[in-house]
Amino acid sequence: MIIMEADMEPIKSPNFPKSVDPTYGVWIVSTEADCEGRSAKRLGIYEGHIDEIALHLADKAMYSLFFSRYEAIISIPGEATGANVSVNLSEIEKVDIAALNSMFSERPISVRPSNYYHSFEIVGDQDAIKRKIALSKLTEEERKLLGIE
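Structure below.
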């Protein structure tokens, strides 16, 4: 859905089914961020017809608006591939380990300071994760020889 100002009326478009109408979709919209066009400024993600979105953002365009279709790819995490990793969470301004431990209190991990700027480290059950990683490298034959099912 396009976010519009209260007094702005959307342009009426033919009612094509969404899957057939190539002008309808979820779009990542950007424009040039400088007069030489060497950088881009992301204006947001919008759902709707290209013309409606473009006319709504007309005052934000440097020279032109760039549309690229947004395809949400949702992945469900599988098995752990590492025992710890540094994470930067853009929604927090200051890394506060006590607050992060509270935030992750219901999760089977611990949190500790990271050596990287504005980051913290997520630490899983080291032994269990290392065991799973090692077992995942075994062939079916090796698993049978070791009696692991």
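Going by numbering that gives the first Met the number 0, the letters in the sequence shown line up with residues 0 to 148, in that order. Where a beta carbon is used, it is the ideal one built from N, C-alpha and C, also for glycine.
Under DSSP, glutamate 139 forms no beta bridge with any residue. About 6 Å separates the beta carbon of isoleucine 121 from that of valine 110, a gap short enough to meet the 8 Å contact definition. The bridge partners DSSP lists for lysine 40 are Thr30. Here the alpha carbons of phenylalanine 66 and lysine 59 stand approximately 14 Å from one another. Where isoleucine 121 is concerned, the enclosing beta strand (DSSP E) starts and stops at 119-122. Secondary structure of glutamate 46 (DSSP, three-state): strand. Counted as a single uninterrupted DSSP element, the beta strand (DSSP E) harbouring leucine 64 occupies residues 64-68. Secondary structure note for asparagine 83: its beta strand (DSSP E) is the uninterrupted segment 83-86. If you check the CB distance, arginine 68 and glycine 123 do not come in under 8 Å. Pairwise C-beta distances place the stretch 85-92 out of contact with the stretch 131-138, as fewer than three of them are shorter than 8 Å. Relative to alanine 71, the option among Tyr45, Glu105, Ser104 and Ile147 whose CA is nearest is Tyr45. DSSP, reduced to helix, strand and coil, places serine 109 within a strand of the structure shown. Residue nearest to proline 107 within the set Asn83, Asp95, Val94 and Ser113 is Asn83 (criterion: CA-CA distance).
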